[in-house]
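By the count of the numbering used here, the sequence shown reaches residue 225 at its end, each step adding exactly one.
Note that the Cβ used here is the ideal one computed from N, Cα and C, for glycine as well.
Take a look at the structure below.
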Amino acid sequence: MLWGCSKSNEGGDFGEMLEGFQEVESKIIELTGKPNISDFIPLLSRFDLQGMHKEMKRQLEQVERIFNYIIDRKIKLKSSKVDEPYEGDGRKDFLEILLELKDQKNDPKLFNIIHIKALLIVSLYLIPLDFL
94 MLWGCSKSNE
104 GGDFGEMLEG
114 FQEVESKIIE
124 LTGKPNISDF
134 IPLLSRFDLQ
144 GMHKEMKRQL
154 EQVERIFNYI
164 IDRKIKLKSS
174 KVDEPYEGDG
184 RKDFLEILLE
194 LKDQKNDPKL
204 FNIIHIKALL
214 IVSLYLIPLD
224 FL
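Here is the structure:
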């Protein structure tokens, strides 16, 4: 729904990337719901006693890698004019629409890849993990 494919219709590295993505998202959700001693005693937050900040940072770096891979793949497919099977009916996925919006703007500071990644991460919390 977000980038026009699922792990069932993609193979190779991309299928593995999407499976890893579900694991990362599950871990992020788990970390956000886990009680943290720093929430109750703010003076201890700089020490990261439970290692939650470090683990969250690691998971977000993995999400960044996955998004970079997916966006680069979509841009390459678009530039090479390769039609994907789900594009035969003229429908576009969310990422294609965002990339077109980015290309339409005259000023790259108005809407860029960072904004696209932010919209993707926010939209993930609106879609149940079963759909990914």
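Between the C-alpha atoms of residue i and residue j, what's the straight-line distance to the nearest angstrom?
{"i": "K169", "j": "L124", "result": "34 angstroms"}
{"i": "Y179", "j": "K120", "result": "Legend: pLDDT at Y179 = 47, less than 50; position of this residue unreliable, value from coordinates given subsequently. Their Cα atoms are separated by approximately 30 angstroms."}
{"i": "F135", "j": "M145", "result": "Correcting the residue type first, residue 135 is Pro in the shown sequence and not Phe. One C-alpha to the other measures close to 14 angstroms."}
{"i": "L219", "j": "L212", "result": "11 angstroms"}
{"i": "N129", "j": "F140", "result": "12 angstroms"}
{"i": "V142", "j": "D132", "result": "Here residue 142 is Leu; the residue named in the question, Val, does not match the sequence. Those two C-alpha atoms are separated by around 11 angstroms."}
{"i": "I206", "j": "D200", "result": "13 angstroms"}
{"i": "E177", "j": "I190", "result": "Here E177 scores only 49 on pLDDT, less than 50, and its place in the model should not be relied on; the value that follows carries that caveat. Looking at the two C-alpha atoms, the distance is approximately 15 angstroms."}
{"i": "K171", "j": "R158", "result": "20 angstroms"}
{"i": "D165", "j": "K147", "result": "27 angstroms"}
{"i": "H208", "j": "Q197", "result": "14 angstroms"}
{"i": "S138", "j": "Q152", "result": "19 angstroms"}
{"i": "G126", "j": "Q115", "result": "17 angstroms"}
{"i": "K167", "j": "G108", "result": "15 angstroms"}
{"i": "I122", "j": "S173", "result": "36 angstroms"}
Looking at residue j and residue i, is the spacing between their C-beta atoms short of 7 angstroms?
{"i": "F204", "j": "L194", "result": "yes"}
{"i": "F160", "j": "K202", "result": "no"}
{"i": "Q155", "j": "V215", "result": "no"}
Classify residue i as buried or exposed, calling it buried when 16 or more other Cβ atoms lie within 10 Å of its own Cβ.
{"i": "I163", "result": "buried"}
{"i": "L111", "result": "buried"}
{"i": "K150", "result": "exposed"}
{"i": "K185", "result": "exposed"}
Every unbroken alpha helix (DSSP H) within the region 121-167, with a cutoff of 4 residues, ordered by chain | 130-133
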